[in-house]
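**Student:**
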Amino acid sequence: MSDNFRFPGMLIQKLKTAQSIAVLTGAGISAESGVPTFREAQTGLWAKYDPQELATPQAFQRNPKLVWEWYAWRRELVNRATPNLGHLALVELANLVPQLTLITQNVDGLHQQAGSKNVICLHGNIMESKCYAHGHFVAQLPESDAVPPKCPTCGSLLRPNVVWFGENLPAHALTTAVHASQSCDIFFSVGTSALVHPAASLPLYALENQALLVEVNPQPTPLTRWADEVLTGPSGEILPALIKAMQAA
Ligand code: BJW
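In case it helps, the numbering used here puts the sequence shown at residues 68 to 316.
1. Go through the segment 160-211 residue by residue and report every complete run of the beta strand (DSSP E) that reaches 3 residues or more, in order.
2. Indicate the three-state DSSP secondary structure (helix, strand or coil) for K53 in the structure shown.
3. Quick check: the Cα distance between A85 and L280, rounded to an integer number of angstroms?
4. I need the straight-line Cα distance from T123 to L241, nearest angstrom please.
5. What distance in whole Å lies between the Cβ atoms of E282 and L298, which are believed to be in contact at a cut-off of 8 Å?
6. Where does the unbroken beta strand (DSSP E) through E234 begin, and where does it stop?
7. Between R142 and ligand 1, is the CB less than 7 Å from at least one heavy atom?
8. Take A200 and list the residues in its own chain whose beta-carbon comes closer than 7 Å to its own, dropping the five residues that flank it on each side.
9. Verify the contact flag: A308, CB atom, against every heavy atom of ligand 1, threshold strictly below 7 Å.
10. With 16 other CB atoms within 10 Å as the buried threshold, where does E304 fall?
11. Just the Cα atoms here: how many angstroms apart are Y116 and W135?
12. With respect to 7 Å, is the separation between the Cβ of E195 and the closest non-hydrogen atom of ligand 1 below this value?
13. Rounded to whole angstroms, how far is the Cβ of A316 from the Cβ of I79, which I believe are closer than 8 Å?
14. Please state whether the Cβ-Cβ distance between A244 and I310 is less than 8 Å.
15. Tell whether a beta-carbon distance below 8 Å holds between F254 and A238.
16. Could you tell me the distance, in whole angstroms, from the CA atom of A213 to the CA atom of I193?
17. Candidates L91, C251, P75 and R292: which alpha carbon is nearest H190's?
18. Using the three-state DSSP reduction, which class does S97 fall into: helix, strand or coil?
19. Leaving aside the five residues before and after W231 along the sequence, list all residues of the same chain whose C-beta is less than 7 Å from its C-beta, in chain order.
20. To the nearest angstrom, report how far apart K81 and N284 are at their CA atoms.
21. Within the same chain, show all residues whose beta-carbon is closer than 6 Å to that of E296, passing over the 5 residues directly before and after it, in chain order.
In structure tokens:
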């Protein structure tokens with residue numbers, strides 16, 4: 068199937084001469100690893116919950132056990148997942164161009180597992196925890212039956228080390244991502260619904276700087292109308308085919 072993709076010659080030429088590429092990924096790139104996307108994640112016991120209502124500090128304050136258990140279920144799915152051909156293609160792309168900045172909204176760590184270096188994680192890491200009251204970082208969960216477990220330092224409740232709606236993104240990660248977006252020749256938006264800000268603003272910064280905007284997604288998004296190239300399909304097929312076309316040109 069991947070051999071059947073045809074890419075515009077202009078895109079391949081631009082890729083081959085680009086000095087700097089920025090790639091923003093979302094949950095779609097991990098879909099082919101078996102990690103459900105954020106907005107389609109709810110199955111079984113969790114089908115009746117809206118993810119956008121669980122990923123908030125207010126939800127945690129109202130019902131910390133429910134929110135902790137939702138993340139525990141998702142951690143299990145991530146634990147079982149391995150990187151797919153889309154993650155691996157981005158590792159390869161980084162070796163083919165002078166500068167590639169990989170920015171992810173994903174909390175699953177699969178880019179790092181695939182071998183991508185210096186990944187900018189905008190929304191944290193689902194495998195890590197911190198305490199709700201003071202943000203004490205907890206690398207290893209304490210042995211405990213409490214749900215959620217308590218912080219070994221201050222005794223407050225632990226929460227996942229992710230960025231919820233209404234919370235600020237890690238400042239350094241965001242600044243680096245904005246700078247990379249403003250200074251790239253080509254910006255890829257891969258597997259994201261392009262709905263959540265400030266990540267969804269990054270491709271717009273790139274456009275303001277006359278970068279070529281490429282979207283990879285099986286479905287249209289609010290960004291599609293702004294994209295110079297829309298590559299419609301799963302990233303686990305399109306990205307490896309793109310690398311192959313680059314190498315063949
Ligand atoms: C495939 C595929 C395949 C399927 N191959 N593709 C400006 C305007 C309006 C609102 C705001 C604004 N600035 C800030 C806001 C508020 C808010 C926001 O953006 N709300 C919107 C919903 C409107 N943003 C925030 O609150 C952010 N904080 C902030 O800005 O602080 C300052 C501030 C505070 C308060 C007010 C104003 C300013 C924080 C955002 C944090 C987001 N966190 C989450 C949860 C992380 C932890 C967790 O995972 O539980 O991050 S929400 C969720 O959305 C998660 C994701 O990283 C993020 C993006 O989702 P993503 O990755 O795009 O996934 P999906 O599921 O939406 O889409 C999957 C896509 O894949 C689809 O398009 C599929 O078609 C595609 N796909 N298979 C390729 N095989």
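All C-beta atoms, glycine included, are put in the ideal place defined by N, C-alpha and C.
**Tutor:** The structure says:
1. The segment 160-211 contains these whole beta strand (DSSP E) runs: 166-171 and 191-198.
2. It is not possible to answer for residue 53, since the shown part of the chain is limited to 68 through 316.
3. Against the sequence shown, residue 85 aligns to sequence position 18. Against the sequence shown, residue 280 aligns to sequence position 213. Straight-line spacing of the CA atoms in A85 and L280 works out to 13 Å.
4. Counted from its first residue, the sequence shown places residue 123 at position 56. Counted from its first residue, the sequence shown places residue 241 at position 174. Taking the CA atoms as reference points, T123 sits about 20 Å from L241.
5. The residue given as residue 298 occupies position 231 in the sequence shown. The residue given as residue 282 occupies position 215 in the sequence shown. Taking 8 Å as the upper bound for CB-CB distance, L298 and E282 are in contact here, some 7 Å apart.
6. As a first step, residue 234 must be located in the sequence shown, where it is residue number 167. Where E234 is concerned, there is no enclosing beta strand (DSSP E), given that its DSSP letter is neither H nor E.
7. Translated into positions along the sequence shown, residue 142 becomes position 75. Incorrect: R142 has no Cβ contact closer than 7 Å to ligand 1.
8. Along the sequence shown, one-based indexing puts residue 200 at 133. Answer for A200: C221 and S223, listed in chain order.
9. As a working mapping, residue 308 is identified with position 241 in the sequence shown. Distances between the C-beta of A308 and the heavy atoms of ligand 1 are all 7 Å or more.
10. Indexing the sequence shown from 1 puts residue 304 at position 237. Classification for E304: buried.
11. Within the sequence shown, residue 116 is the residue found at index 49, counting from 1. Within the sequence shown, residue 135 is the residue found at index 68, counting from 1. Straight through space, the alpha carbons of W135 and Y116 are spaced by roughly 14 Å.
12. Looking up residue 195 in the sequence shown gives position 128. Answer for E195: no, Cβ out of range of ligand 1.
13. Walking along the sequence shown from the start, residue 316 turns up at place 249. Walking along the sequence shown from the start, residue 79 turns up at place 12. Right, their Cβ atoms sit about 5 Å apart.
14. Mapped onto the sequence shown, residue 244 falls at position 177. Mapped onto the sequence shown, residue 310 falls at position 243. Against a cut-off of 8 Å, the Cβ pair of I310 and A244 comes out as no contact.
15. Here residue 254 refers to the residue found at position 187 of the sequence shown. Here residue 238 refers to the residue found at position 171 of the sequence shown. No, the Cβ-Cβ distance between F254 and A238 is not below 8 Å.
16. On the sequence shown, position 146 is the one that residue 213 refers to. On the sequence shown, position 126 is the one that residue 193 refers to. So the alpha carbons of these two residues sit roughly 19 Å apart.
17. Taking the first residue of the sequence shown as position 1, residue 190 is located at position 123. Nearest option by C-alpha distance: L91.
18. Reading the sequence shown from its first residue, position 30 is the one you call residue 97. In the structure shown, the three-state DSSP call for S97 is helix.
19. The residue labelled residue 231 in the question sits at position 164 within the sequence shown. The residues are A122, T123 and P124.
20. Walking along the sequence shown from the start, residue 81 turns up at place 14. Walking along the sequence shown from the start, residue 284 turns up at place 217. C-alpha separation (whole angstroms): 20 Å.
21. If you number the sequence shown from 1, residue 296 lands on position 229. Excluding residues up to 5 positions away in sequence, L78 and V281 lie with their Cβ nearer than 6 Å to the Cβ of E296 in the same chain.
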